[in-house]
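Note sheet for the following structure.
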Amino acid sequence: MSSDHQEVSNDSVLDDLAPGLDRSLHRQYIRGIFVLWFIMTVLGVLAGLYLTPILMPHMNSPEGRAAVKTVIVFTVAAAPVAALVCAVALYSLLHTRHRGSLDHPPADGPPLRGNALASGVWLITSTLLVVFLLFWGLTEWSAQQVVHADSLTINVIGQQWIWDYNLPAQTVRLPGGRELKIPKELALSKLNLPVDVPVTFNVTSKDVTHGFWPVNLGIQVDANPGQRTVIRTVPDRLGKFVVRCSQLCGLNHAYMYTQAQVVPDQDFQAWVQGGARGPILAVASSQNGSTK
Amino acid sequence: MTTTHDTATHEGGHHDTPEQRDKKELSALILLIAGDGLFLVLEILTWFYLRALNPNHGWRFSTASPTNPATSGSNNPHDITAEVAKAPVSWSLLVILATLAVGGLVWFGEMRSRKGESPVPALGLALLTGLVAIGLQVYQFQTLPFQTTDGTYASCFEFFMASNLAHQFLALIVVLGVWNRGRKNLYARNWYQLRLARIWTMWVGISALLLGAVSILFV
Amino acid sequence: MTATQPLLEDTVLGPKAGRLYRRQSFATGLGLGILLGAIGWFIAQNTIQSNENFGSDMTVAVTMAGWVIGFNIGIGTFNAVIRWMLGHDQDKDDELYAAGVGQGKARYWKYCTDHKVVGTQYLILVFILFFVGGTLAMMIRTQLLTPNSTFLSPQTYNAIVSIHGMCMIIATIIMVSGPFANFIMPIMIGAKDMAFPRLNAMSFWVVVSAVPPLLATFFVGGVNAGWTTYAPLSVQDGPAMICFAITIITFVVSVTVAGINTIVTVLTMRAEGMTFARMPIFVWASVIGGGLGLYAMPAFLLAMTMMVADKATGTSFFVADQGGSGWLWENVFWIMGHPEVYVILIPPVGALLEVMSTFSRKPVFAYKLAIGAMTGVAGLSIMVWAHHMFTTGWAPDLAGPFMLTTELISIPTGIIFLCAIGTLWRGSNWVRLPMYFGFLFLWNFIIGGVTGIYLSDVPADNYFHGNMFVTAHFHYTLLGGAMIAATAGLCYWFPKVTGRMLDEKIGKWAFWMIAIGFQVTYLAQFYEGFKGMPRRVANYDPLFAPENLISSLGAFLLMAGWVVLLYALVSSWRHGEIAPANPWSAKSLEWHTETPVPLENFLQDPKVINDPYGYGASGAEQVHAVFGHHSHHTIEEGVKQ
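Written as C-alpha cells, this is what we have:
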C-alpha cells in the first residue's frame, strides 16, 4: 500500500473525520500518521520474524516449533494494529501537542463524536483478525491431536518434589519395519527419549497438582492426583533439555526438574537392553536446553 | 438545634421519602438475590460435578489422604448407602416446608398490612416458624448417619445444610426486625419493608427447596 | 455559585446526635476486634484445639472470625441494623453526625457515611496496600537477583509471593472502584451521596478488617500455594490458609456491597436530565465493573468457604484421594478469576477515557461504542475462565470453544483502543501529568493485549503456561494497564479530592522512573518466559541469570518511581498550591461544584442538558448542566469566573 493510494481512498471520508479542516491539513495528518504507522509496522513485522527465533530456544518437537511459529505469525498479524495505535498516539504527541503555556487549557479540538466508517473498518478488521487467529490456532491444535497407532508409552509420576518415569514393558513398531523393545518395566529418574518415535506421556501425581513441562518439546499438562492426563509428541531433534514443574507445588517447587534428552533410537534401544543403567550416550546439547 | 440550611434543596441523599427508599432497597435486594442465586447455582454445579466424578459412589476411600490431614483412614463407613436412603429425606422435607412457611407467613403479614390490619400476629408466627426451621435444620445436622469426613456426598450434603442454615439465620434476623417494628406500629402507613422481607424470606425458602431437592433426589 | 449560603456541614447538632456513633472510632474497632479475637482464641483453645486433625485450623478460623466481627461491631457496622430492628430509626441529626458533621478530621477515623470521606479513606488504604504489596515485590526481586540466592527461604519466598499477589489483587480491585467510584462518581451524576451511605462506609471498614488476617498469614506458617491457592496444595497448607480464606470471604462482602451500592446509585440517584446517554463514560465503567464484581464474587465466596470446610471440617471437595477434585477448585476459582481481572480493568479504562477527552479537548470518540465495548468485554469475560486451564488436562475438548471466546474479547478491547486513539486524533493535546500516564497506558496495554493473544492460543499456551511469560503478561495488563490508567485518574482528580494541585515537576520524575523501570522489569521477564523459566520459583537455573538481574534492577527503579510519586502526592496534599474548582476546564459535574466539595455536593441542584463532552461545540451544546434557579448561570460562565 502506498501513501498515495491511502490519500485517494480516504479523500471522501476526510470530511467526516475532520469537518471544517482544510483539505491540505487533512492530507498532512493522514500522511504523517501513515508514515509513522508504516515504519512501526515494518519494525513490528521484522521483530516478529527475526527476534522471536532468537528469543525462544531451539525446540525438539513439532509442537515446540509450532509455538515459535505461532508467536511469529501472531506478532506479524498484530503489528499493523498495534502500530496504528502507537502511530496515532505518537503523532498527537509530536505534532498536535499544545505547545503554549501548559497552565491553561488549549482551544477545544473539533467535536468529533465518532465516525461510522472508521468504527466499521476497525470492527471488521479486528473481527477478521480474530477469525484468522482462531483458524490458525484450531488448525495447529487439531494437527497436534493426531494419535499415532504405535507409540512409546511413558508413565510420568509427579510427587513433591521429583519427577519419576515409569517405562512399561512394550514393543513399539517403528516406521521402516524396525522395532523398539522394552523387555521389562523400568523405573527411571531421568527422561530419555528415542528420536522420531511417537511418545505418549501418561501423567499423574501422588500428592498435589504439578505441571509436567518438558520445556523444549513445547507441550505440557498438569499432573493431577487421582487423574491420568495424556499428552503426545514426536521428538524429532536430538538434544538435551530440562523437564520442569510449571504448577506451584509447595516448598521446593523451584527444584522440581529433571534432565532429559532426545537420543538416537539405536542408542536408546541399547541402553534399555542394558537395564537402563549408567548414562546414555551423551548427545550435543541443544541451545538453552542445559542446566547447571 | 439550629438548622439554617435550606432543606428544600437537600431532600435526597441522607433523608429519602419511603417511596425513594423502596425503589432503592428493592433494586439492591434484587441484585443481592441475583448474586446469592449465582452462589446457589455454583453450589449445585459443584454437587453435579462431584457426582459425575463418582469415585467410590461418593464415599471416602479407606486409605488416608496425604493432602488432607483430617482423613485418618480409619473409621471407613461400611455400606452406608442403605442407611442414607432411609434417614435424611423426611427431615429435609420438614426443613424445607418450615423454611417455605416463613416466607408464606411474612407474605400473609404483608397482605394484612396492605389492608390496614396489623401484620404482627402473622409476623410473630413467622418468627416462631423460623426458629423451628432452624431447630429442625440443626437437629438434622446432628442426627445425620455420616460426617463431613465421609466423602464427597457427605461434603456436599453438609455444605448445603450449612448454607441453608446461614440463609435461615439471615431470614430470621429480618423477620425479627419487621416483627418488632410491626409491634411498634411502624408499618401502619407504609409496608414496603414488609414486601422486601417477604421477597427475601421467600427466596430463602426457594433456595432451601432447590438445595434440598438436589441433595435428596440425586443421592 | 454563591458562597454566602450556609453550608450543611456547619449545622449545629444536638448533644446526642449520632448516639452510639459518638463513641465509636477506629480505636474502638481495633480494641473490640482484638478482644473478640482473643475470646475466640481462648474458647477454641479450650474446646476444639484438642482435635488432632483440624484443631489448629478451627482455632485460627474462630480467632479471625472473632476479629472481623469484633472490629465491625466496634467501628459501628451493625449499629443501624440493630437500631432498625429495635425500631429506633436514625433521625436527621444522627444522619448528619454519621456523615461527619462537626467532627473535623476525626471523621476519617470513623464510620463516616459521607461518600467523599469514604472515597478518601479508600484512597489512603489503596496507598497502604500498594506499598505493602510493592515492598513484598521488592523482596521477591531481591531474592531473584542471583540464581542461588539465600536471601529468603523457599517457605518465606512462597509466602511472600502469595501475599504479594493477593494484596495487589485486593488493592487493584478497589483502586478505582473505591476512591473514585465513591468520591467522584456520585458527583458526576449530580447525586448528593451514594444510594446507601451506611453500606458505603461498611464496604470500606469491612476491607480494613480483612487486611490484618492477610498479613497474619506470615505468622502462622505462610500461604504456600500462591494467590490462586490451587487445591489440593492449599488444603495441605497450615492455618495460614484459613487466615487467607477469612480475608477473601470478608473482602467478598465488601465488594458485593460496594457493587450493589454503585449500581443502585446510578439507577436511582441521577440528577434531573442526567439520562443514561448523558452519563460520563466513567460512570458507565463503574457500573459495569460493579456489576461484573457481583458476578465474580459469589464464586470466590463459594471457593473459599469450601476451602475452609475442607481444611477445618475435613470435607473432601478438593481432595482427590477422598473423591474430590482439584479441577473443581480450578473451575470455581477461575469462574471468579477471569471476570475479576475485568473488574480491575474496566473502571480505570473509564477514568482513562475521561482523561483523554479532557486533555485532548474533544468528546470521547464513539461514546456509545465504548459503552458497548466495555459491556461486551464484561459479557465475554464470564465465558473464558477455562483458558487458565488449557494445560490442566481438564476437558481438552473445550480448548477450541474457550480459545474462541478468549480471542473474541480482543474485538471489544480493540474498540476501547479505537475510542482512545479516536479521542486523541485531531485533539489539542494538552500534555499535563495525567496525560503522561494516559500515553503510557496505551503503550503498555498494547503489549499486554498482544501477548495475551499468544496465551489464548492453545498450542502456544502449551509452551507459555506457568512460566514467566504469563507473569510479565498480566503485569503488563494489570500494572502497566489498569494501575497506570488508575494513576492517570488519580492525577486528574487529585485537585478535586484534596483541594490542592499535584506537583507535576516531581510527578514527571516519578513518571519517567515508572515508565522506564516498568519496561525493563517486564520485558526482561518476557525474555525469561521465552527461554522457559517457570513462575513462582525461589531459585532458578543460572541459564536465566542475566535477564533476572536486569528485571530486578528495573523493578527497583519502578518501585523508586512509585515512592517518588507517593512523595509528590503526600507533599502536594499537605502543602500544594490551592486548586481552583475546575483546573482542567472540564465539563462533567464534579468540576462544577466547589473545592473542597460541600456535604451533599451541590449548593444548587444541577439540571443536566447535554452530555459532558461538548468540546468544540457551539452555543448551548457545549453546556453540560445548569444550576439551581439561575438558568443563565451556565458552566461556561463558571469556567470564566
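Chains as they are written, first to last, in the working numbering: chain A, 1 to 292; chain B, 1001 to 1219; chain C, 2001 to 2641.
Ideal placement from N, C-alpha and C gives every residue a C-beta, glycine not left out.
Treat the numbers as computed from the prediction; the structure is a model and nothing was measured.
_Where Arg-1021/B falls: helix, strand or coil (DSSP)_ = In this structure, Arg-1021/B counts as helix in the three-state DSSP scheme.
*Under three-state DSSP, which class holds Ala-47/A?*
If DSSP states are grouped into helix, strand and coil, Ala-47/A belongs with the helices.
*Report buried or exposed for Tyr-2230/C, applying the criterion of at least 16 other Cβ atoms within 10 angstroms of its Cβ.*
Label assigned to Tyr-2230/C: buried.
*Quick one: list the residues of chain A neighbouring Gly-2102/C, beta-carbon separation under 9 Å, in chain order.*
Using a Cβ-Cβ cut-off of 9 Å, Gly-2102/C is close to nothing in chain A; its nearest Cβ partner there is about 38 Å away.
*If we ignore side chains and look at the alpha-carbon of each, how far apart do Tyr-2522/C and Asp-2057/C end up?*
One C-alpha to the other measures close to 38 Å.
*asked:* If you measure between the beta carbons of Gln-2477/C and Phe-2445/C, is that distance less than 8 Å?
replied: Sequence check: residue 2477/C is Thr here, not Gln. Yes; because the gap between Cβ atoms is below 8 Å, this pair is in contact.
*Measure the alpha-carbon distance for Val-2117/C versus Val-1214/B and round it to whole angstroms.*
Approximately 46 Å between the Cα atoms of the pair.
_Restricting to runs no shorter than 4 residues, where is the alpha helix (DSSP H) found entirely within the stretch 2334-2416 of chain C?_
Here the runs fully enclosed are 2367-2381 and 2399-2408.
*In terms of residue numbering, what span does the alpha helix (DSSP H) encompassing Thr-75/A cover?*
Run containing Thr-75/A: 62-94, per the alpha helix (DSSP H) assignment.
_What does the alpha-carbon distance come out to for the pair Ile-2550/C and Met-2468/C?_
If I take the Cα positions, the gap works out to 14 Å.
*Quick one: measure Cβ to Cβ for Leu-188/A and Leu-180/A, integer angstroms, because I've assumed they're closer than 8 Å.*
The beta-carbon separation of Leu-188/A and Leu-180/A, rounded to 15 Å, does not stay under the 8 Å limit for a contact.
*Check whether Ala-2099/C and Asp-2114/C have beta carbons under 8 Å apart*: Contact flag set, yes.
*Taking just the CA atoms, how far does Val-2283/C sit from Ile-2371/C?*
Straight-line Cα distance between these residues: approximately 10 Å.
_Alpha-carbon to alpha-carbon, Ala-67/A and Ser-126/A_ = Rounded to whole angstroms, Ser-126/A to Ala-67/A spans 22 Å at the Cα level.
*asked:* For the stretch 2318-2333 of chain C, list every residue whose C-beta sits within 7 Å of some C-beta in chain B, in sequence order.
replied: Taking 7 Å as the Cβ-Cβ cut-off, the stretch 2318-2333 of chain C approaches chain B at Val-2319, Asp-2321, Gln-2322, Gly-2323, Gly-2324, Ser-2325, Leu-2328 and Val-2332, given in chain order.
*Going along chain C, which residues have a C-beta under 9 Å from Met-56/A?*
Against Met-56/A, the close residues of chain C are Tyr-2463, Phe-2530, Lys-2531 and Gly-2532, in the order they occur along the chain (beta-carbon pairs closer than 9 Å).
_Limits of the alpha helix (DSSP H) - the one that His-2115/C falls within_ = Segment 2115-2143, the alpha helix (DSSP H) holding His-2115/C.
_With a threshold of 6 Å on Cβ separation, who are the neighbours of Asn-1075/B within its own chain once the five nearest residues in sequence on each side are excluded?_
Residue placement at Asn-1075/B is flagged as unreliable, the pLDDT there being 47, under the threshold of 50; the coordinate-derived value follows with that caveat. Non-local C-beta neighbours of Asn-1075/B in its own chain, meaning closer than 6 Å and more than five positions away in sequence, are absent.
*asked:* Between Ser-1113/B and chain C, is the shortest Cβ-Cβ distance under 8 Å, so that the two count as touching?
replied: With 8 Å as the cut-off, Ser-1113/B does not count as an interface residue toward chain C.
_With DSSP as the reference, identify every bridge partner of Glu-179/A, one or two as the case may be._
Its beta-bridge partners are Arg-173/A.
_Range covered by the beta strand (DSSP E) that runs through Gln-159/A_ = Note, Gln-159/A: beta strand (DSSP E), 152-159.
*Using the DSSP secondary-structure output, state which residues sit across from Asp-164/A in a beta bridge.*
Answer by DSSP bridge pairing, in chain order: Ile-157/A.
_Residues that Phe-2417/C contacts on chain A, provided the C-beta gap is smaller than 7 Å_ = Among the residues of chain A, those whose CB is under 7 Å from the CB of Phe-2417/C are Val-85, following chain order.
*Reference Ala-1122/B; option with closest CA among Gly-1104/B, Ala-1133/B, Ser-1163/B and Lys-1115/B*: Proximity to Ala-1122/B across Gly-1104/B, Ala-1133/B, Ser-1163/B and Lys-1115/B peaks at Gly-1104/B, based on C-alpha coordinates.
_Extent of the continuous beta strand (DSSP E) run through Tyr-257/A_ = Annotation for Tyr-257/A: the continuous beta strand (DSSP E) segment containing it runs 257-263.
*Does the distance from the C-beta atom of Leu-2652/C to that of Glu-2600/C stay below 8 Å?*
A question about residue 2652/C goes unanswered here, because the residues of chain C that appear run from 2001 up to 2641.
*Looking only at its own chain, which residues have a Cβ that is under 6 Å from the Cβ of Leu-2345/C, when we skip the five neighbours before and after it?*
Here the set comprises Ala-2482.
_Neighbour list for Phe-1169/B in chain C, Cβ cutoff strictly below 8 Å_ = Close partners of Phe-1169/B in chain C (Cβ separation under 8 Å) are lacking, with about 13 Å as the shortest Cβ gap.
*Put Lys-1955/C into one of helix, strand or coil per three-state DSSP.*
No answer is possible for residue 1955/C: it lies beyond the span of chain C, which begins at 2001 and ends at 2641.
_chain C contact for Phe-1146/B (CB, 8 Å cutoff)_ = It does not; no Cβ of chain C falls within 8 Å.
*asked:* Spatial neighbours of Glu-185/A within its chain, please: C-beta separation below 6 Å, excluding the five flanking residues on both sides.
replied: Cβ neighbours of Glu-185/A within its own chain (closer than 6 Å, five residues either side excluded): Pro-168 and Ala-169.
_Residues within the stretch 139-152 of chain A neighbouring chain C, beta-carbon criterion of under 8 Å_ = For the stretch 139-152 of chain A, which is checked against every Cβ of chain C, the residues closer than 8 Å are Glu-140, Trp-141 and Gln-144.
_Classify Pro-2495/C: buried if its beta carbon has 16 or more other beta carbons within 10 angstroms, exposed otherwise._
Burial call: buried.
*For chain C, is any of its Cβ atoms less than 8 Å away from the one on Gln-1035/B?*
For clarity, residue 1035/B is Gly in the given sequence; the question names Gln instead. Yes - at least one Cβ of chain C is within 8 Å of the one on Gly-1035/B.
*Identify each residue in the stretch 2387-2412 of chain C for which the Cβ-Cβ distance to at least one residue of chain A is less than 7 Å, and report them in chain order.*
Of all residues in the stretch 2387-2412 of chain C, only Thr-2391, Thr-2392, Gly-2393, Ala-2399, Gly-2400, Met-2403, Leu-2404, Glu-2407, Leu-2408, Ser-2410 and Ile-2411 come within less than 7 Å of chain A when Cβ atoms are compared, listed by chain position.
*Please report the residue range of the beta strand (DSSP E) in which Trp-1059/B lies.*
Per DSSP, Trp-1059/B belongs to no beta strand (DSSP E) and is neither H nor E.
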